[in-house]
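Worksheet for the structure shown next.
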Amino acid sequence: MSTGLLDPGAVRPTVLARANPVAKLAVSTLLAVVLLLSVDVVTAGTAVALELLALPLVGLGVRGLLRRSAVLLLAAVPVSVLTVLVGVDSGAVLLEAGPLSVSTGSLESGAAVGLRVVAIALPGVVLLATTDPTDLGDALAQVLRISPRFVLAALAAFRVVDVLAEEWQQLGLARRARGLGGDGLLAGVRDVAGRVFVLLVIAVRRAAVLATAMEARGFGAGERRGADRTWARPSRLRASDVLVVAGGALLAATATAAGVAAGTWQLLLT
Amino acid sequence: MSPLLSARGWGWRWNARRAHAVQGLDLEVEAGERVLLLGASGAGKSTLLAGAAGLLDGGPDGTGEAEGQLLLDGVPAHEARQLAVAAGAGRARTGLLLQDPQAQTVLARVGDDVAFGLENHAVPAERIWPRVDAALDDVGLRLPRDHPTSRLSGGQRQRLALAGVLALQPRLLLLDEPTAMLDPEGAAALRDVVAERLAATGAGLLLVEHRVDLWVDLVDRVVVLAPGGGVLADGPVGRVLAERGDELAAAGVWLPGRAAVPAGRVRPRPPGGAGEVLLSLEGVAVGRRGSGAPVLTGVDAEVRAGSFTALRGVNGAGKSTLALAVAGLVPPVSGRVRAHPALVGGLAARRRRRPWGSPPPADDPAGWAPRDLVSRVGSVFQDPRHQFVAQTVADELAVGPRRLGLVGEQVDLRVAELLERLRLDRLARANPFTLSGGEQRRLSVATALATRPRVLVLDEPTFGQDARTWAELVDLLAGLCDTGTAVVAATHDVDLCDALAGATWWVGDGRLRTEVPVSAP
Chain A
61 MSTGLLDPGA VRPTVLARAN PVAKLAVSTL LAVVLLLSVD VVTAGTAVAL
111 ELLALPLVGL GVRGLLRRSA VLLLAAVPVS VLTVLVGVDS GAVLLEAGPL
161 SVSTGSLESG AAVGLRVVAI ALPGVVLLAT TDPTDLGDAL AQVLRISPRF
211 VLAALAAFRV VDVLAEEWQQ LGLARRARGL GGDGLLAGVR DVAGRVFVLL
261 VIAVRRAAVL ATAMEARGFG AGERRGADRT WARPSRLRAS DVLVVAGGAL
311 LAATATAAGV AAGTWQLLLT
Chain B
4 MSPLLSARGW GWRWNARRAH AVQGLDLEVE AGERVLLLGA SGAGKSTLLA
54 GAAGLLDGGP DGTGEAEGQL LLDGVPAHEA RQLAVAAGAG RARTGLLLQD
104 PQAQTVLARV GDDVAFGLEN HAVPAERIWP RVDAALDDVG LRLPRDHPTS
154 RLSGGQRQRL ALAGVLALQP RLLLLDEPTA MLDPEGAAAL RDVVAERLAA
204 TGAGLLLVEH RVDLWVDLVD RVVVLAPGGG VLADGPVGRV LAERGDELAA
254 AGVWLPGRAA VPAGRVRPRP PGGAGEVLLS LEGVAVGRRG SGAPVLTGVD
304 AEVRAGSFTA LRGVNGAGKS TLALAVAGLV PPVSGRVRAH PALVGGLAAR
354 RRRRPWGSPP PADDPAGWAP RDLVSRVGSV FQDPRHQFVA QTVADELAVG
404 PRRLGLVGEQ VDLRVAELLE RLRLDRLARA NPFTLSGGEQ RRLSVATALA
454 TRPRVLVLDE PTFGQDARTW AELVDLLAGL CDTGTAVVAA THDVDLCDAL
504 AGATWWVGDG RLRTEVPVSA P
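So the protein sequences, as listed, match chains A and B. Residue numbers for the first sequence follow the working numbering, so the first one is 61 and each next one is one higher. Residue numbers for the second sequence follow the working numbering, so the first one is 4 and each next one is one higher.
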């Protein structure tokens with residue numbers, strides 16, 4: 061994957077990295093919900109600062125983190141700039157050019173929006189970087205009791221995506237080999253549509269074969285008789301996972317408290 | 004003792020299909036018996052395997068309609084599958100291995116993939132891992148449990164899928180063309196593993212495979228299914244193959260001791276001599292896609308008109324990548340592929356546009372616009388489906404000529420000629436994706452020929468083909484060489500090389516070694 065988001069890479073097996081994926085998921089979700097309540101510099105800034113402080117516990121180096129989160133950080137910048145330029149003005153106007161204006165108020169909300177994106181995205185990046193999809197599937201099925209049929213189908217589909225990336229490249233070369241392409245943008249768009257169609261046909265056929273192979277190995281056969289499948293990799297919550305969630309809650313509470321104390325925290329809905 | 008598998012007047016019709024896939028089948032397979040299942044394509048061999056695996060449920064929510072009975076140990080096959088799962092011992096009556104290694108891997112790590120079936124059979128977790136390790140060991144995959152499945156070769160993947168099947172200790176192995184998509188070494192390795200496991204466990208075998216020569220020593224009975232339903236022949240291997248040999252060979256079955264080579268013009272093509280040089284490779288290095296790290300460097304070679312060059316070497320040595328460079332599809336990492344005037348011809352200035360810098364030189368095939376490329380160098384990919392862009396076979400063949408600017412009758416003429424030459428005329432209106440493997444292969448070659456290129460590059464053209472398609476392909480390629488086309492084929496197929504190759508490019512250890520057989524004039 062070129063985004064680097066899903067690179068397995070070397071991650072030091074710290075307590076946090078080895079926490080149950082469901083615990084990590086809970087922390088990310090909790091932080092996202094709390095940070096979505098208000099757009100303010102102090103809350104989001106405190107959250108980002110605390111998250112960065114907690115990084116060593118995750119086992120991710122700064123460089124590894126930057127590589128994985130580059131895409132998300134790049135998304136935060138335009139969002140901020142846009143808010144600065146076209147956001148609601150307040151306070152002193154610093155610059156004005158037609159419909160675009162920069163004021164102290166819009167600068168502040170720009171920073172708040174950008175920091176918020178980072179604060180919400182960071183735990184997600186950490187979750188993805190330190191969690192194998194199979195382990196996440198195990199945890200979702202065993203801890204959260206999500207249907208094994210759904211979880212395993214998603215895992216199998218995840219693996220097929222890998223293969224499809226390769227097929228996509230082959231299709232591109234094959235179309236050049238058929239003499240297609242090189243006629244400008246419009247034809248190019250049509251060409252991509254053709255490739256997508258063929259890719260879908262191939263994906264559907266692959267999925268059908270995979271489903272047959274899975275069923276032949278007993279997948280889904282126990283359901284009708286009420287028999288549960290077992291899990292070769294037991295996934296359960298331990299005391300350390302409770303600590304991880306508590307830590308996440310503390311982080312969210314501290315950030316909110318800082319915002320409230322500074323008087324910038326304001327519930328979005330009111 | 005009642006037989007392990009017993010079909011009594013069994014038939015199956017898929018929903019949305021009018022014709023039965025199998026009809027009126029009477030067949031008994033004893034425990035431990037090893038049966039080879041033959042029959043024309045469409046005779047229902049794969050359907051019978053799916054039925055025996057318990058995957059065909061003729062019930063109200065089922066995928067089709069069953070008639071008669073298909074029993075495993077006296078229990079209807081699809082119930083037998085559920086009973087085995089419910090028993091919780093992790094013992095399946097049957098184990099099914101399919102053709103496509105890529106499409107059978109379920110999970111991302113080797114150990115997890117083998118454990119998948121045991122989990123479904125509700126085997127307690129602590130008893131799963133010893134069985135996973137044993138199964139991996141049995142198939143000769145000595146890899147750590149957390150080895151990523153994405154890094155396995157085709158042959159390794161197929162053995163992994165077999166490990167997943169064997170972990171469930173089936174009493175009857177169902178193999179559906181297990182080696183059709185493997186290279187010769189991978190195929191032989193898989194066959195050896197199956198032989199060893201059958202001997203060790205005493206399990207039976209029901210095998211569908213047209214490479215009979217590869218498997219013949221392993222089976223003791225042959226059953227030939229009739230296309231309309233029922234059994235055409237049934238008996239010991241030697242007798243059935245002797246009595247039905249001609250018929251089976253005509254249907255494309257690879258039989259031991261029977262060369263599939265067509266008579267006439269097949270002989271190794273001289274590499275030098277007559278033909279003029281069309282392409283030359285000068286200090287070419289090619290790299291793996293993505294990383295770009297060179298896998299093959301310092302390649303110097305040339306391709307002459309009317310020659311047949313076999314590009315050989317182990318998997319991963321860079322055969323396919325080099326073929327892509329020769330075909331002008333991917334530029335080499337360094338060095339250059341140079342088209343000579345005989346090939347470039349009157350190439351106009353219409354070259355691949357670049358938004359920056361100067362246009363690529365006219366003698367660089369990788370820099371040509373696609374339509375200029377296809378009239379000079381044609382390519383046939385390993386998977387024919389990658390090359391299909393149209394809704395019908397006839398349209399598929401018309402794409403190339405239209406790209407060359409031909410219109411109306413000129414296009415129709417070329418299409419009609421190719422349809423006839425490659426025995427596709429009856430399929431002119433069919434969708435390319437619905438064709439059989441052999442038909443798809445013939446069509447993909449025909450699409451490349453439609454633009455009459457002087458160089459034809461093929462990647463594993465004979466992979467998984469039946470004997471009849473194989474012979475037709477060899478004859479066709481021989482004919483092309485005779486009319487001055489240069490053919491370059493990346494291949495593992497020794498028979499193909501023996502039949503046609505005048506020059507062999509051996510790829511290995513990052514180098515290319517050219518070899519010309521002594522017998523060549």
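Beta carbons are placed, not taken as given, at the ideal position from N, Cα and C, and that holds for glycine. Values in this document were obtained by computation on a predicted structure and should not be read as measured data.
Taking 8 Å as the CB-CB limit, is Ser522(B) close to chain A? Residue confidence is low: Ser522(B) scores 49 on pLDDT, short of 50, so the model does not pin down where it sits. No coordinate-derived value is stated.
Members of the segment 148-178 of chain A that neighbour chain B once the beta carbon cut-off is set at 7 Å: Taking 7 Å as the upper bound on Cβ-Cβ separation, chain B lies near no residue of the segment 148-178 of chain A.
In chain order, each beta strand (DSSP E) run of at least 3 residues that lies wholly inside the segment 87-119 of chain B: 97-100, all fully within the segment 87-119 of chain B.
Pair every Cβ in the segment 294-305 of chain B with every Cβ in the segment 276-286 of chain B, then say whether three or more of these pairs are closer than 8 Å. Output reads yes: the segment 276-286 of chain B touches the segment 294-305 of chain B.
From this set, Gly62(B), Leu39(B), Ile131(B), which residue's C-alpha is nearest Val227(B)'s C-alpha? Of the residues Gly62(B), Leu39(B), Ile131(B), the one whose Cα lies closest to the Cα of Val227(B) is Leu39(B).
Asp469(B), buried or exposed, once every other Cβ within 10 Å from all chains shown has been counted against 16: So Asp469(B) counts as buried.
Using 8 Å as the limit for Cβ to Cβ distance, is Gln202(A) near chain B? Among the residues facing chain B, Gln202(A) is not included, as its CB has no counterpart in that chain under 8 Å away.
Taking only beta-carbon atoms, is Leu1(B) less than 8 Å away from chain A? Residue numbering for chain B in the displayed model covers 4 to 524; residue 1(B) lies beyond these limits and cannot be assessed.
Starting from Ser163(A), trace the beta strand (DSSP E) in both directions and tell me its first and last residue. Under the DSSP assignment, Ser163(A) falls in the beta strand (DSSP E) whose first and last residues are 160-163.
Hey, how far is the Cα of Arg514(B) from the Cα of Gly301(B)? Arg514(B) and Gly301(B): Cα-Cα distance of roughly 7 Å.
Chain B contacts from the segment 268-298 of chain A (Cβ-Cβ distance under 7 Å): Result list: Val269, Leu270, Thr272, Ala273, Met274, Glu275, Ala276, Arg277, Gly278, Phe279, Ala281, Gly282, Arg284, Arg285, Ala287, Asp288, Arg289, Thr290, Trp291, Ala292, Pro294.
Output yes if chain B places a C-beta closer than 8 Å to the C-beta of Gly254(A); else output no. At least one chain B Cβ lies under 8 Å of Gly254(A).
Give, in chain order, every residue of the segment 108-142 of chain A whose Cβ lies closer than 7 Å to some Cβ of chain B. Listed by position along the chain: nothing, the set is empty.
Using only the alpha-carbon positions, how far apart do Asp67(A) and Leu90(A) sit? Model confidence at Asp67(A) stands at a pLDDT of 44, short of 50, so the residue's coordinates are unreliable and nothing is read from them.
From the DSSP output, read off the bridge partner residues of Val153(A). Answer by DSSP bridge pairing, in chain order: Ser163(A).
Below 8 Å between beta carbons: does that hold for Leu299(B) and Val491(B)? The Cβ-Cβ distance between Leu299(B) and Val491(B) does not fall below 8 Å.
Return yes when the Cβ of Glu168(A) is within less than 8 Å of the Cβ of Val102(A), no when it is not. No, Cβ-Cβ distance for Val102(A) and Glu168(A) is not below 8 Å.
Give me the chain A residues within the contact set of Val392(B), using Cβ-Cβ distance strictly less than 8 Å, ordered along the chain. Neighbours of Val392(B) on chain A, chain order: Arg235, Arg238, Leu240, Gly254, Val258.
With DSSP collapsed to three states, give me the class of Val32(B). Looking at Val32(B) - three-state DSSP - the assignment turns out to be strand.
Taking Cβ-Cβ distances shorter than 7 Å, what residues in chain A pair up with Phe119(B)? Arg277, listed in chain order.
Interface residues of chain E facing Ser323(B) [CB-CB closer than 9 Å]: Among the protein chains of the structure shown, namely A and B, there is no chain E.
With 16 as the cutoff for other CB atoms within 10 Å, does Ser9(B) come out buried or exposed? Counting Cβ neighbours within 10 Å, Ser9(B) comes out buried, since at least 16 surround it.
Where does Ala206(B) land, buried or exposed, given buried means 16+ other C-beta within 10 angstroms? The residue is buried, with at least 16 neighbouring Cβ atoms inside 10 Å.
Please check if any C-beta of chain B sits within less than 8 Å of the C-beta of Thr74(A). Thr74(A) does not count as touching chain B.
Can you name the residues of chain A whose CB is closer than 7 Å to the CB of Val88(B)? Those are Gly278, Ala281, Gly282, Ala287, listed as they occur along chain A.
Start and end residues, alpha helix (DSSP H) containing Leu422(B): First-last of the alpha helix (DSSP H) with Leu422(B): 411-424.
In chain order, what are the residue ranges of uninterrupted alpha helix (DSSP H) at least 4 long that sit wholly in the segment 189-268 of chain A? With a minimum length of 4 residues, the continuous alpha helix (DSSP H) runs that stay inside the segment 189-268 of chain A are 193-202, 208-237.
Amino acids of chain A, ordered along the chain, whose beta-carbon sits closer than 8 Å to that of Gln159(B): Listed along chain A, no residue sits closer than 8 Å to Gln159(B) by beta-carbon distance, the nearest being about 15 Å off.
Against chain B, which members of the segment 192-221 of chain A pass a CB distance test of less than 7 Å? Hits within the stretch, in order: Pro193, Thr194, Leu215, Ala216, Arg219.
Run the CB neighbour count on Asp29(B), radius 10 Å, all protein chains shown included, and call it buried at 16 or more, exposed below. Sixteen is the threshold: since fewer than 16 other Cβ atoms of the shown chains lie within 10 Å of the Cβ of Asp29(B), the residue is exposed.
Reduced DSSP secondary structure (H/G/I, E/B, other) of Leu133(A): Annotated three-state conformation of Leu133(A) is helix, per DSSP.
Since Gln230(A) meets chain B, which of its residues come closer than 8 Å, beta carbon to beta carbon? Those within 8 Å of Gln230(A) in chain B are Phe384, Asp386, His389.
Is any heavy atom of the ligand FAD found at a distance shorter than 7 Å from the C-beta of Pro364(B)? The model on display carries no ligand, and the ligand FAD is accordingly not part of it.
Any C-beta of chain A within less than 8 Å: which residues of the segment 129-157 of chain B qualify? Residues of the segment 129-157 of chain B with a C-beta atom less than 8 Å from some C-beta of chain A are Ile131, Trp132, Val135, Thr152, Ser153, listed in chain order.
Enumerate in chain order the residues of its own chain whose CB-to-CB distance from Arg84(B) is below 6 Å, with the five nearest sequence positions on each side excluded. The answer, listed in chain order, is Gly57.
Unbroken beta strand (DSSP E) run spanning Gly381(B), endpoints: Gly381(B) -> beta strand (DSSP E) spans 380-383.
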